[in-house]
Amino acid sequence: MRRGVSLAADDCPVSEAHDAADTFPKLLLEQARLRPDRPASREKDYGIWQSWSWAEVAAEVEALACGLLVMGFRRGDKLAIIGDNRPRLYWAIAAAQALGGIPVPVYQDSIAEELAFVLDHAEVRFAVAEDQEQVDKLIAVKERCPRLEKMVFSDPRGMRHYRQPFLCDYETLQARGGEFARSNLAFFRGEVAKGQGGDTAIILYTSGTTGRPKGVVLSYDNIITSAKNAIAFEGLTDREEVLAYLPMAWIGEHIFSYAQAFCAGFCASCPESPATVMGDLRELGPTYLFAPPRIFENILTQVMIRMEDAGWVKRWLFHYFLGIAKRVGLPVLDRRRVPVIDRVLYWLGNMLVYGPLKNTLGLSRVRVAYTAGEAIGPDLFNFYRSLGINLKQLYGMTESSVFLCIQKDGAVKPDTVGLPIEDVEIRIAEDGEVLFRSPGAFQCYYKNPEATAEAKRPDGWIHTGDSGFFDPDGQLKILDRARDVGRLDGGALFAPKFIENKLKFFPYIKEAVVFGDGRPFVAALVNIDLEAVGDWAERRNLAYGSYQELAAEDAVYDLIEGCIEQANRDLAAEPALAPSQIRRFLILHKELDADDGELTRTRKVRRRIIAARYQTLIDALYLGRSSGRIETEITFEDGRTGRLRAELAIRDVAMASLASAPLLLQEAS
Amino acid sequence: MRRIGEPVLIADRISLAFGGIVALSEVSIAIRRSEILAIIGPNGAGKTSMLNVINGFYHPHAGSITWKGVTRRRMRPYEAAAQGIARTFQNVALFKGMTTLDNIMTGRLLRMRRNFLWQAVYVGPAEREELAHRAHVERIIDFLEIEAIRKTPVGRLPYGMQKRVELARALAMEPELLLLDEPMAGMNVEEKEDMCRFILDVNDEFGTTIALIEHDMGVVMDISDRVIVLDYGRKIADGPPGEVRTSPDVIAAYLGEEAAPHSPTARVPSSSRNARSAGRGPG
Numbered sequence: 001m002r003r004g005v006s007l008a009a010d011d012c013p014v015s016e017a018h019d020a021a022d023t024f025p026k027l028l029l030e031q032a033r034l035r036p037d038r039p040a041s042r043e044k045d046y047g048i049w050q051s052w053s054w055a056e057v058a059a060e061v062e063a064l065a066c067g068l069l070v071m072g073f074r075r076g077d078k079l080a081i082i083g084d085n086r087p088r089l090y091w092a093i094a095a096a097q098a099l100g101g102i103p104v105p106v107y108q109d110s111i112a113e114e115l116a117f118v119l120d121h122a123e124v125r126f127a128v129a130e131d132q133e134q135v136d137k138l139i140a141v142k143e144r145c146p147r148l149e150k151m152v153f154s155d156p157r158g159m160r161h162y163r164q165p166f167l168c169d170y171e172t173l174q175a176r177g178g179e180f181a182r183s184n185l186a187f188f189r190g191e192v193a194k195g196q197g198g199d200t201a202i203i204l205y206t207s208g209t210t211g212r213p214k215g216v217v218l219s220y221d222n223i224i225t226s227a228k229n230a231i232a233f234e235g236l237t238d239r240e241e242v243l244a245y246l247p248m249a250w251i252g253e254h255i256f257s258y259a260q261a262f263c264a265g266f267c268a269s270c271p272e273s274p275a276t277v278m279g280d281l282r283e284l285g286p287t288y289l290f291a292p293p294r295i296f297e298n299i300l301t302q303v304m305i306r307m308e309d310a311g312w313v314k315r316w317l318f319h320y321f322l323g324i325a326k327r328v329g330l331p332v333l334d335r336r337r338v339p340v341i342d343r344v345l346y347w348l349g350n351m352l353v354y355g356p357l358k359n360t361l362g363l364s365r366v367r368v369a370y371t372a373g374e375a376i377g378p379d380l381f382n383f384y385r386s387l388g389i390n391l392k393q394l395y396g397m398t399e400s401s402v403f404l405c406i407q408k409d410g411a412v413k414p415d416t417v418g419l420p421i422e423d424v425e426i427r428i429a430e431d432g433e434v435l436f437r438s439p440g441a442f443q444c445y446y447k448n449p450e451a452t453a454e455a456k457r458p459d460g461w462i463h464t465g466d467s468g469f470f471d472p473d474g475q476l477k478i479l480d481r482a483r484d485v486g487r488l489d490g491g492a493l494f495a496p497k498f499i500e501n502k503l504k505f506f507p508y509i510k511e512a513v514v515f516g517d518g519r520p521f522v523a524a525l526v527n528i529d530l531e532a533v534g535d536w537a538e539r540r541n542l543a544y545g546s547y548q549e550l551a552a553e554d555a556v557y558d559l560i561e562g563c564i565e566q567a568n569r570d571l572a573a574e575p576a577l578a579p580s581q582i583r584r585f586l587i588l589h590k591e592l593d594a595d596d597g598e599l600t601r602t603r604k605v606r607r608r609i610i611a612a613r614y615q616t617l618i619d620a621l622y623l624g625r626s627s628g629r630i631e632t633e634i635t636f637e638d639g640r641t642g643r644l645r646a647e648l649a650i651r652d653v654a655m656a657s658l659a660s661a662p663l664l665l666q667e668a669s
Numbered sequence: 670m671r672r673i674g675e676p677v678l679i680a681d682r683i684s685l686a687f688g689g690i691v692a693l694s695e696v697s698i699a700i701r702r703s704e705i706l707a708i709i710g711p712n713g714a715g716k717t718s719m720l721n722v723i724n725g726f727y728h729p730h731a732g733s734i735t736w737k738g739v740t741r742r743r744m745r746p747y748e749a750a751a752q753g754i755a756r757t758f759q760n761v762a763l764f765k766g767m768t769t770l771d772n773i774m775t776g777r778l779l780r781m782r783r784n785f786l787w788q789a790v791y792v793g794p795a796e797r798e799e800l801a802h803r804a805h806v807e808r809i810i811d812f813l814e815i816e817a818i819r820k821t822p823v824g825r826l827p828y829g830m831q832k833r834v835e836l837a838r839a840l841a842m843e844p845e846l847l848l849l850d851e852p853m854a855g856m857n858v859e860e861k862e863d864m865c866r867f868i869l870d871v872n873d874e875f876g877t878t879i880a881l882i883e884h885d886m887g888v889v890m891d892i893s894d895r896v897i898v899l900d901y902g903r904k905i906a907d908g909p910p911g912e913v914r915t916s917p918d919v920i921a922a923y924l925g926e927e928a929a930p931h932s933p934t935a936r937v938p939s940s941s942r943n944a945r946s947a948g949r950g951p952g
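Encoded structure:
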C-alpha cells in the first residue's frame, strides 16, 4: 500500500546521497540546483495561491540575508520571528541560518509578558514581525529587552505613521540586500559554506506545562537526521503537499513544514489567514498532514453539528454508514480479512459518505497523517481511521527533534505510539519513566544548566518525564506525564489524561480536567464547547446571552451529565479503570485559556495551575457541597485584566457497575 | 499623510418636510476633503434625512447641494453614486442569498464598461475587465480581513460581519465621499473596535472623505475630526469633538438630558485610540 523504504530512496536519492548538505541553507541551495522549477513555498493571497520555486526561494533568502547583514546582523546573533505562517517568515529563518545566526520563533499569540521573557532570555538583537499587531507588541516590550535593536515588518498596512528609527520594512531591507548581493556575488555562498552540521540551528521555547518556558537548543545534525529518518520511514517524496498552519514556534511545525520540506524538496503552503484554514485545506488536498488532537476534535465537532442540519435521508445514511465504518473500516485499512458483504457495504459507504466527507474536509489525498503533540482519544482516532484515512500516532518532543516512535502502516493501535525508528533507542526506567537516546537529542536548554542536567544525564539517556511501557508487540505505550499518574485513596490507578480524552471525545465537551490523586473518588471540571452546545441550545429554543449563562443552564448540565454517564460505562468496562469513574462534576463558567496561563500555547492543560486557581471549586466537589463559589482573574486579549465571579452548580453522576455492557461512544453524537 | 482640505460637499440651507413634519430646516453643512465628519443628534433629529438628501434619495424643498464645484437642486441616487458618493444603510441592505464576494462585486457595477452581452460571452475585453474588477475586490477583502467569508452567503453571516460586507461593497465603488449610517449599531465591543479601525484605515489609506451617523458617543468623540449636532431638524453645533462636547446648547439639547447613557466618558475602544494617535502623528 505504502511505498517502502527502498522505493523512497529511489524517489529522492538526493537526500540520502549528499551528506555534504548538512545545514538548511546548504539544503536550500541544493534544492535550488536540483529542482529549480518545482514549487517550494506557496501562500494564498488575494484569493489566489501564489507559488515560489526553489530557485526563487533561494534568491529571496539570499537577498534577505544580505539585507540583514547590511542592517548589522552578525554570526551568532539571534533573530526573533513572530507572526502567522507566512513564506517570508520561513525565509527569515533560512536567512538567519545562512548568516550563521540563530532563529528564535515566538508564539504569535503570546501576550507581552511571555514575549518579553523569551526575547530577553534569548538575547535577541533583531526581530522579523508579520504585521502591525506584532510590531506593536514588540515595541511595547522593547524597554524590557535592552538587547533588541531592530525590527523588520512584512506587512506595511497601518505602519506608515510609525517613525521609530529601529523599524524597517521587509521590502526595503530585501532591496538593500539585493544590491549588496549584486556587488558581492560570492558572499552568500561563502557564508552558507561556513555553516557546520554541529552548529546551533534554532532555539525553540517550549511553553511547558509548568513554570517558565525553556529554550531548547537544537543543532542542524539533530533536526536533519531526525527529519531524514522519518522521510525514509514513510517514503516521502518531493511531490508531497503540506499545509503549514500550526504555530511556527512549535517543533512539529518546524519539522514538518520547514525541515522535512527542505530535506525532501516538497512544497509547504501557507493558508490565507488562520480563519480560512479549513477552506484552504480543502483546496490544497494535502498528502502529508499533521495535527494535534484538538484539530481532529474540532473537525469532528463541525461535522456533527452540520449533519444535524441535514435532511433525514442524509442523516440516516450518514449514521448507518458510520456504523459500517466503525465495524469494518479498521480491518479494511489494515488489509485484514473482511467478509465480502462487509466489503461491498464499505465500498458503498465510501461512495456515498466517506468519500464526499473526506473531500469536504480536504482529506481525500492524505497518504500519511500524524496526530502529535499529545495523546489522542482512541474513539476519535478510530473514527478517522475507519473512514480510510491513514492517521497514525507518533511520539516525540521538542527535546528529541520530534521523531522517536512512529506507528508502522498496518500495525496501528489507538493506545500505542509505535516502534522506535532508526537510530533511536528507548528504555523504560525502573520507575516507569521513558528514557531515550537518539541523534535528535537536544544540545541543552539555553542558559539553564540545572534543567539540562536534570533531563540529560551523563550516561547519555534523556529523561522525558513521561511514564510508559512496551506492550507485547514491542510498541511503546505512553500512560501520561509521569508526575500526573497517581492513585485514588483506595489504591486504584488514576491516569487523568486517559479519562479526560474520553470526555473530550464528546462534541459538547471542549476541555476537561479531572482530579483524583490521593482523593476518595474522581471529580471533573468541564468546559463546554460553545459552538456545539450553542447549536444544541438553539435547536431547543434555549436562550442564552453569554458563555457563562449557557454553561450554567440546567439543561446543559443534564446534557453533560449524560455524556459523563456514558464515559463512566466505558470506564467500567475495563476493570483497572472502573474505580476511576467520575462521581461529581461541575461546568466552568469560562473557557480555560492560554492567556490566563491555564493552558500552554499548544493548548495542553496546566494541571497544577488549574488546581491552584480553582481550589475552592475542587474543595466544594470533595466536601459534597451542591455548589461552589469562584472568583477568577481573567486576561483580555489586549493584556488588561479583570475579575469574574460566579456561583457554579455541582452535580453527582451515576456510576456504572462492572457488569453493564460497554456502549459505543459514537452514539453520543 | 492625509490632509483635511477644502470643502468638497456644501449643503446650503437645506429644508425638507414630510407633510406637516419638518425634517430639516435651513441646515447648512460643509464636508471637507479627507475628513471624518460625525453627524449626531437625538432620535428624529434629521440625521438620516440629511444623508438621504446628500446622496439624492430625497430632494430638498429648499436649498442647494454643491458637490465638487457643481451646484444642483436635485441629484438622483445613481448620479450621486456615479460621481463618487457611496453609502451604507442603517438596516443592512445586502443581497442575502449571494455570497460576500458577489455582493462586493455589485459595488463595481458602475465601473463596468462592457455591456451584458459582452459579459455573457466572457471573452477578450470582458474577461480582462472582470479580472481587473475581481482583483480590486480581492484587495478590499484583504483590507477588511474578510477572506474567511468570501464564499459564504451573506444571509448566514452574523450581523457585525454583514455590516463589514456592506462597507466593503461601498468601498468597491472607490468613493470619494462615503456616507455611513450607524455603522456600529447593534455591534458588541469587539466588533465596534474592529469597525473603528477599518473606518480610520479607509480614511487614512485612501484619503476617503467620510460622513457618519453614530450613537455611540465614545466612538464619535474618538474617531471624528468634526462633529455636527442636529436637533429637531436644526443644526445646533458644528466643530471639533472637544468643543462640541462642552457646548451648552448641545448639553441642553442632547447630552444633558441623557447624560448618563450617552456620556462621552463611555469606554473608548483602546485599539482605535491607538490607531488614532498614530494617524495624527507628526510628519
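Those sequence lines, one after another, are chains A and B.
Those letters in the first sequence? Residues 1 to 669, per the numbering used here, in order.
Those letters in the second sequence? Residues 670 to 952, per the numbering used here, in order.
C-beta: ideal position from N, C-alpha, C; glycine also.
Residue i versus the options, residue with shortest Cα-Cα distance
i      : options                        : result
E272/A : D45/A, L435/A, V514/A          : D45/A
R367/A : W347/A, G388/A, P274/A         : G388/A
D22/A  : K194/A, S110/A, A122/A         : K194/A
F812/B : R157/A, L138/A, G628/A         : R157/A
G624/A : L361/A, A649/A, E633/A         : A649/A
M278/A : G516/A, C267/A, L300/A         : L300/A
R343/A : K326/A, A310/A, P356/A, A524/A : K326/A
L68/A  : C563/A, L138/A, E171/A         : E171/A
M864/B : M842/B, I897/B, A837/B, F875/B : A837/B
L592/A : G311/A, L330/A, I509/A, S41/A  : I509/A
A839/B : F758/B, I700/B, I734/B         : F758/B
Q548/A : L586/A, R607/A, S626/A         : L586/A
V806/B : F875/B, T878/B, V790/B, I773/B : I773/B
V152/A : A492/A, W49/A, F126/A          : F126/A
V653/A : E561/A, A567/A, V605/A, E633/A : E561/A
A259/A : Y90/A, S110/A, G349/A, P293/A  : Y90/A
Sheet register partners of residue i (DSSP bridge)
i      : result
G468/A : I478/A
H463/A : L435/A
R825/B : DSSP lists no partner for R825/B.
M151/A : A127/A, L167/A
C405/A : Y395/A, P420/A
W316/A : Bridge partners of W316/A: none, in fact.
Partner residues on chain A for residue i, Cβ-Cβ distance less than 8 Å
i      : result
E799/B : Per Cβ cutoff of 8 Å: no residues; E799/B is ~14 Å from chain A at best.
D811/B : D45, Y46
A804/B : Y46
Within chain A, partners of residue i - CB distance below 9 Å
i      : result
R808/B : Y46
Proximal residues of chain B, C-beta to C-beta of residue i below 8 Å
i      : result
S273/A : E814, E816, A817
Proximal chain B residues relative to residue i, where beta-carbon distance stays under 7 Å
i      : result
T172/A : Simply none; closest approach about 17 Å.
| said: My parser needs the beta strand (DSSP E) runs of 3 or more residues fully inside the stretch 48-125 of chain A; what are they? | reply: Entirely contained in the stretch 48-125 of chain A, the beta strand (DSSP E) runs reaching 3 residues are, in chain order, 48-53, 78-82, 102-106.
| request: Compile a chain-ordered list of the residues in the stretch 30-62 of chain A whose CB is closer than 9 Å to at least one CB of chain B. | output: K44, D45, Y46, G47, I48
| request: Jot down the residue ranges of each uninterrupted beta strand (DSSP E) in the stretch 742-821 of chain B, minimum 3 residues, whole runs only, in chain order. | output: 754-757, all fully within the stretch 742-821 of chain B.
| query | Which runs of the beta strand (DSSP E) fall wholly inside the stretch 185-231 of chain A and span at least 3 residues, in chain order? | reply | 200-206, 214-219
| request: Could you tell me which uninterrupted alpha helix (DSSP H) segments, each at least 4 residues in length, are contained entirely in the stretch 840-924 of chain B, listed from first to last along the chain? | output: 858-875, 886-892, 910-915
| task | Enumerate, from N- to C-terminal direction, the unbroken beta strand (DSSP E) stretches of 3 or more residues contained entirely within the stretch 246-273 of chain A. | result | 267-270
| said: Counting only Cβ-Cβ distances shorter than 8 Å, please list the residues of the stretch 247-277 of chain A near chain B, keeping chain order. | reply: E272, S273, A275, T276
| Of all the residues that make up the stretch 863-888 of chain B, which are near chain A by a beta-carbon distance shorter than 7 Å? | D870
| said: Which complete beta strand (DSSP E) runs does the stretch 584-662 of chain A hold, if anything under 3 residues is left out? | reply: 627-635, 641-652
| request: Return the residues of the stretch 131-161 of chain A that lie within a Cβ-Cβ distance of less than 7 Å from chain B, sorted by chain order. | output: Residues of the stretch 131-161 of chain A with a C-beta atom less than 7 Å from some C-beta of chain B are G158, H161, listed in chain order.
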